Amino acid sequence: MTVPMYTSSSEAKEVTLGFAVAAVFPLLLQHGINFKKHLMEHILDQYHRIDVLLMNHVTIKSTRKINLAITSILLTVLLAAFFSALTLPRSSALIRYYSFFTEFKDEVIEFVTPFCTMQLVFAYQYTYPCIIAVTCGVLYYEFGDFLLQFHFKNLDDPAALSDRNKILSIAKIHALLFEVAHEVRDATSVICFLLLCFQTTTLYCSLAMFLLMKKEDFTIPQIIESCLVVTLIPASIIGVVYGASRISHVCQKIEMSLLLTRDKLSRQCVSNQDSIRFLDLMITKKLPRMTAFGLGELTPNFVLSMFGSLFTYSLLVLNLQK
Numbered sequence: 002m003t004v005p006m007y008t009s010s011s012e013a014k015e016v017t018l019g020f021a022v023a024a025v026f027p028l029l030l031q032h033g034i035n036f037k038k039h040l041m042e043h044i045l046d047q048y049h050r051i052d053v054l055l056m057n058h059v060t061i062k063s064t065r066k067i068n069l070a071i072t073s074i075l076l077t078v079l080l081a082a083f084f085s086a087l088t089l090p091r092s093s094a095l096i097r098y099y100s101f102f103t104e105f106k107d108e109v110i111e112f113v114t115p116f117c118t119m120q121l122v123f124a125y126q127y128t129y130p131c132i133i134a135v136t137c138g139v140l141y142y143e144f145g146d147f148l149l150q151f152h153f154k155n156l157d158d159p160a161a162l163s164d165r166n167k168i169l170s171i172a173k174i175h176a177l178l179f180e181v182a183h184e185v186r187d188a189t190s191v192i193c194f195l196l197l198c199f200q201t202t203t204l205y206c207s208l209a210m211f212l213l214m215k216k217e218d219f220t221i222p223q224i225i226e227s228c229l230v231v232t233l234i235p236a237s238i239i240g241v242v243y244g245a246s247r248i249s250h251v252c253q254k255i256e257m258s259l260l261l262t263r264d265k266l267s268r269q270c271v272s273n274q275d276s277i278r279f280l281d282l283m284i285t286k287k288l289p290r291m292t293a294f295g296l297g298e299l300t301p302n303f304v305l306s307m308f309g310s311l312f313t314y315s316l317l318v319l320n321l322q323k
């Protein structure tokens, strides 16, 4: 992060360590993704299998939404870096920082060097983590769609589950969903944990810097970067958690439908023992919820508590300043 470089005030040094720690997380994210790369590829193959079993098709509309999200992130960060570079104070320490503390005789090189450096820094700090957030969010959202289709096509009609062949087919799909759910959780758990750590650390340090700085110390590049932080970071966190919480919600619906169907079949005069046995098997296999390294389930309450903590600590910083 480069925010502490915007000012030479003593308050800026108090959060420099936080920005330094935050800057390490993208590297950890890269190592986490490389470690889970083969599992991710396997999950995509599994998604294709589920698509075939559920007779789904990837719609152009959903693909356009993903492309729109990625394009919006790229353009937002690119424009923010562009305008930050244009408005860099030429007499400040920040221009020397982006020029690697080198004085260039050529004015073109003197302008291009910090401009390109700022583009790379912004891409590293904002574009890369947000693209990872989009990827995790899409994985969660697509799997939530599979669960929703499974529930809609197979569990809405309890009478159909009394047929042995029908319930055998449903049990096979449920077993595949159970397997893929564990793979998705294992593949994204550490990545989401590192992503949330990075995003919350960056957001907190930016808020702390904003509260600690004096009004006369603010510069246009800092305002631009602060706006980028308060828009992209909460949006990326909410997107990931929304996709994960959707899985939890549909899992609850599936479990409830299985239990109700099992009760109805068991109350019938001539109960189908094979169907009840398969239902018991599916009820036993509870679909896992998505977590951040097992430390917390990704739900709306999780986001509210996280943002609430950030708000509380920001007020604490403000009170300490006074």
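Counted from 1, the sequence shown has number 211 at position 210 by this note's numbering; the numbering is strictly sequential. Beta carbons are placed, not taken as given, at the ideal position from N, Cα and C, and that holds for glycine. For clarity, every value in this text was computed on a predicted model and none was experimentally measured.
Near residue i, what residues of its chain come up, given a Cβ to Cβ distance below 6 Å and the 5 sequence neighbours on each side ignored?
| i | result |
| --- | --- |
| Asn155 | Ile171 |
| Lys287 | none |
| Arg186 | Pro289 and Met291 |
Relative to the C-alpha of residue i, which residue among the options is closest?
| i | options | result |
| --- | --- | --- |
| Ala24 | Thr201, Leu89 and Ile51 | Thr201 |
| Val139 | Met56, Cys206 and Val241 | Val241 |
| Gly145 | Phe303, Gly33 and Gln253 | Gln253 |
| Thr300 | Asp275, Ile248 and Thr313 | Ile248 |
| Ile239 | Glu180, Pro115, Asn302 and Leu229 | Asn302 |
| Ile96 | Phe116, Met257 and Leu121 | Phe116 |
| Asp157 | Lys216, Met210, Ser258 and Glu298 | Ser258 |
| Leu76 | His43, Gln120, Glu42 and Arg65 | Gln120 |
| Tyr98 | Met210, Val109 and Thr114 | Thr114 |
Taking Cβ to Cβ, would you say residue i is nearer than 9 Å to residue j?
| i | j | result |
| --- | --- | --- |
| Glu226 | Ser85 | yes |
| Glu184 | Leu296 | no |
| Leu196 | Ala134 | yes |
| Met291 | Tyr141 | yes |
| Thr88 | Ser100 | no |
| Leu169 | Leu266 | no |
| Phe294 | Phe199 | no |
| Leu80 | Leu208 | no |
| Phe151 | Ile255 | yes |
| Phe123 | Ala82 | yes |
| Leu305 | Ile284 | no |
| Asp275 | Arg165 | yes |
| Val191 | Gly33 | yes |
| Ile174 | Leu55 | yes |
| Glu180 | Ala245 | no |
So residue i and residue j are in contact, right, with Cβ under 8 Å, and what is the actual spacing, rounded?
| i | j | result |
| --- | --- | --- |
| Pro289 | Ala182 | 5 Å |
| Leu178 | Leu148 | 7 Å |
| Glu111 | Phe105 | 4 Å |
Only counting the same chain, and skipping five residues up and downstream in sequence, which positions put a Cβ closer than 8 Å to that of residue i?
| i | result |
| --- | --- |
| Asp281 | Arg263 |
| Ile71 | Ile132 and Val135 |
| Cys228 | Ala81 |
| Met30 | Checking the displayed sequence, the identity of residue 30 turns out to be Leu instead of Met. Tyr129, Pro130, Ile133, Ile192, Leu195, Leu196 and Phe199, listed in sequence order. |
| Ile67 | Val135 and Val139 |
What does a CB cutoff of less than 7 Å around residue i pick up in its chain, not counting 5 residues either side in sequence?
| i | result |
| --- | --- |
| Cys131 | Ile74, Leu233 and Ser237 |
| Ala21 | none |
| Thr203 | Met2, Ala23, Val230 and Ile234 |
| Val251 | Gly145, Leu148, Leu149 and His152 |
Does the segment 72-92 come close enough to the segment 46-53 to have 3 or more Cβ pairs within less than 8 Å?
-> no
Examine the Cβ distances between the segment 114-131 and the segment 217-237 and report whether three or more of them are shorter than 8 Å.
-> yes
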